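In my numbering, the protein residues as written are 20 to 93.
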């Protein structure tokens, strides 16, 4: 995932540069931002398919008897 984030950062910087030189309404600017958008969508899909547990969930996995991790059912 880190590699993808680095690539998004690089493409964002490139899009800003292209838009500043070619103009915000140019086709090159739109294409550059489309590339950024596609990478962001891919990162989102990867996060959806591989959800990360929160710190609290990891804590409860390691300490199921902790009072804050108890689950009460009606």
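Positions of the beta carbon are idealized from the N, C-alpha and C atoms, including for glycine.
Just so you know, these numbers come straight off a predicted model, no measurement behind them.
Could you give the distance in angstroms between the alpha-carbon of residue i and the alpha-carbon of residue j?
i	j	result
residue 22	residue 90	38 Å
residue 58	residue 69	16 Å
residue 33	residue 47	11 Å
residue 44	residue 51	12 Å
Which residues mark the beginning and the end of the alpha helix (DSSP H) in which residue i is found?
i	result
residue 53	46-68
residue 78	74-81
residue 37	21-41
Are the beta-carbon atoms belonging to residue i and residue j less than 8 Å from one another?
i	j	result
residue 54	residue 30	yes
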